[in-house]
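This report concerns only the one structure given below.
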Amino acid sequence: MILPGFAQLDTIHWLPPLNSADPTQVADHYVYISTPTLTTFTVTITDGSGTVLATVPVSNTIPYRYYIGNGQPTHFMVTISELNTPLPNRGLILHGKFPFYANLRVQSADQAEHITANGRAAEGTLFRAGVVPMRMGSSNRNFVLGMIATQDCTHVKIKGYDKNISFAGSPYISQDSTLIKLKKGDCYVVSGYTNTSDPAANLAGFTGATIESDNPIVINNGNFLGSVENQNLSQDIMVKQTIPLNWLGTDYIVIRGNGTDSMEAALVIAAYDSTIVSVNCKVIDTIMKTDGLLTNAGKYKLIFNSYSPAPGLNMYIHTSKPAYVYETLGADSNSANTGLDLIPPLNCGLPREINQMDSINYIGKTEYTTDLFAFTATPPTTLSINGIQQTAGSPIACLPGWVTYRVTGLKGNVKIVSTGPMAAGVFGYNGDASFAGYFSGFGVTSTINIATNNTMICGDTTKALLNLSSLGGVYDSLKWYRNDTLVSTGGGVNDSVYTTKGGTFKLEALNGSCSSISNIIIIKDCLPPPITIPNVFTPNGDGKNDVFRIDSLSHYPGSKLEIYNRWGNLIYESSDYQNNWNGVSQQSNKKCSDGVYFYILNLGTKKNSYKGFVQLLGNGA
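Our numbering runs 39 ahead of the 1-based position in the sequence shown.
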């Protein structure tokens, strides 16, 4: 096995704050901390200013539940008066010696949500806002985006949103772009409410907005509350920690929950212009534009009623360019119980183990009816949950090599192990409150890079070393190819090979049946020096110019030389000529007389033959 993959495991996590339009919809919220590490270590929790909030012991057998607070304001929830201004003492930053998971959970009587921190994979400088486009407003719905700066002197610009949006809070934002200056650890939250007095642009005008910065930031975004349904009472917390554009992919598997057709949809948010969207291998739309003062339809596509029938209940989404894919997912048929998933792209660098999800059916003391979903590459793949091997997964339309799973009734701590790359998450409900979220899927890419110490090979005495310079993910084997042919020596799990021949080289990494291909290295053979043919030689035995020597001929193995006398008779021929004709006729085995002889040299290549005359002198014949 080659290199570990960590998914959302990391030694540092950031959780930027958010804001609810209705503070009564926010009650208890916690960070659930777990790790596969058997050794007990300390996780330090600070706010953005560096103030230590807690130091907690964590190990695989000792997960920890950190209580943040109730309602707003807390370190995670800010009030309307704290919007649109740098906040030095909000947000949560978690540090540990060993990698760990950080899963924020929030609830109230009618609302709930899971937000899994993505570690360093969440850091970036270019994002699109992942908020749900709503069709109806209410007094407690909003869109919201919170960020935290991970370095000093960070400048952030938010642009590309509808110019008619009315942002909540003060100072008032009215222009069509917002410039923000932050110090390390500073947080910043923007929100737009959907009261009847607020403009219609607040429903969907922020979806797909661009957030760019000159230093890395981390973003949480979504709706606190939101819904895709055209009902003003059907809503829930729909928030996720997003990822920057460099972590996006083009292939996604979406797994249906337990909701109705109007609750469940895939949301594709374009990262680049002219993105073609296909569902189950059929093109359905082109998202033409992503920036500027555009109509909402130019930024995203909502896809309803495209799941395969039971038992699969999945769909395959392909985009021509990297894009975000979210899913609005119903925990049950109650239209109030809608959660939001950020779908991880298919990636051979995905992990094979989640060890572990802590107390999946609880937020604080409240128990939820919880289901688990997962997708994994196959065959041959087996997936086990808490040591129990699951039955065969459901196939996916027009996507061989991947399957999905749905498991109901799970409780407590959950460990998932797969023999192939895998992503998994949970969703659940209690009354009118529900949550949804993946627990793994980001933090590792299958990017493979190879390098060489020499891009030119000259003769048999020169060789080039090709080596693996970087690889993310968990892999069974590596295979080297030259000109698309498997290299016979250096296959298997070797991370370097030598070559004495030029060509086009690449490396394939295999994770079960999942294959990732590296960059391509071109190594050239030296162009041989030009052929030089003498016009005279003197085989008189003085050790000087005694043979007919053709310079650089060794670079052309398989050459053929023919020598004719003045009457056109062949007197000498040689295949793979070795510069050894000393003026003796092969027919008579006698020295040739002095004079002019005609030669034909064929190099055994596509080049034309060399023809000419050579004068033989001093042969004594």
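The beta-carbon is built from N, C-alpha and C at its ideal position, and this holds for glycine as well.
Here the structure is a predicted model, which means the values were calculated and not measured.
Beta-carbon spacing of TYR377, GLY298 below 9 Å: According to the sequence displayed, residue 377 carries Thr and not Tyr. Contact flag set, yes.
With DSSP as the reference, label PRO62 as helix, strand or coil. helix
Using only CA atoms, which one of ARG588, CYS565, ASN584 and ILE560 lies nearest to ILE572? ARG588
Which full runs of the beta strand (DSSP E) of 3+ residues lie inside the segment 458–482, going along the chain? 461–469 and 472–477
Measuring CB to CB, does VAL462 end up less than 9 Å from ALA413? Inspection of the sequence shows that residue 462 is occupied by Ala rather than by Val. Contact flag set, yes.
Does the segment 202–212 touch the segment 125–144, meaning 3 or more C-beta pairs lie closer than 8 Å? no
ASN604 and TYR636 closer than 9 Å at C-beta: yes
For the segment 56–64 against the segment 109–127, are there 3 or more C-beta pairs whose distance is under 8 Å? yes
Classify LEU592 as helix, strand or coil using the three-state DSSP reduction. helix
Boundaries of the alpha helix (DSSP H) in which ASN241 is found, first to last residue: 240–243
Same chain, Cβ closer than 7 Å to GLY369, neighbours up to 5 away in sequence not counted: GLY296, ASN297, GLY298, THR299, MET302, GLU303, ASN376 and THR377
6 Å CB neighbourhood of LEU642 in its chain, flanking five on each side removed: TYR595 and SER598
Pair every Cβ in the segment 173–191 with every Cβ in the segment 248–255, then say whether three or more of these pairs are closer than 8 Å. yes
Within 9 Å, strictly: CB atoms of SER398 and TYR105: no
Same chain, Cβ closer than 8 Å to ASP615, five either side skipped, listed in chain order: PRO596, GLY597, SER598 and LYS599
With H, G and I counted as helix, E and B as strand and the rest as coil, what does DSSP make of LEU131? strand
Can you list, in chain order, the residues of its chain with a C-beta nearer than 7 Å to that of PRO569? Leave out the 5 residues immediately preceding and following it. SER591
Can you name, in chain order, every residue of its own chain whose Cβ lies under 7 Å from the Cβ of LEU656, other than the five neighbours on each side? VAL575, THR577 and ASP633
Rounding to the nearest angstrom, what Cα-Cα distance links ILE4 and LEU242 in this structure? Only positions 40 to 660 of the chain appear in the structure, and residue 4 is not among them; the question remains open.
Kindly list the residues whose CB is nearer than 8 Å to the CB of SER535, restricted to its own chain and excluding five residues on each side of it in sequence; keep chain order. LEU504, LEU505, ASN506, LEU507 and GLY529
Taking the alpha-carbon of GLY176 as reference, which of ASN269, THR94 and PHE115 has the nearest alpha-carbon? ASN269
Can you tell me the Cα-Cα spacing of THR281 and LEU272, whole angstroms? 26 Å
Within the same chain, show all residues whose beta-carbon is closer than 8 Å to that of ASN469, passing over the 5 residues directly before and after it, in chain order. ALA151, THR405, GLU406, TYR407 and THR408
Backbone CA spacing between PHE343 and ALA475 [nearest angstrom]: 18 Å
So, using beta-carbon positions, are ILE487 and SER457 closer together than 9 Å? no
Whole angstroms is fine: what's the gap from SER593's alpha carbon to GLN617's? 8 Å
If distances are taken between C-alpha atoms only, which option among ASN234, HIS68, LEU438 and GLN146 comes closest to PHE115? HIS68
Within the present structure, is the beta-carbon of ILE315 separated from the nearest heavy atom of the ligand PLP by less than 8 Å? Questions concerning the ligand PLP fall outside what the structure shown contains, since it holds no ligand whatsoever.
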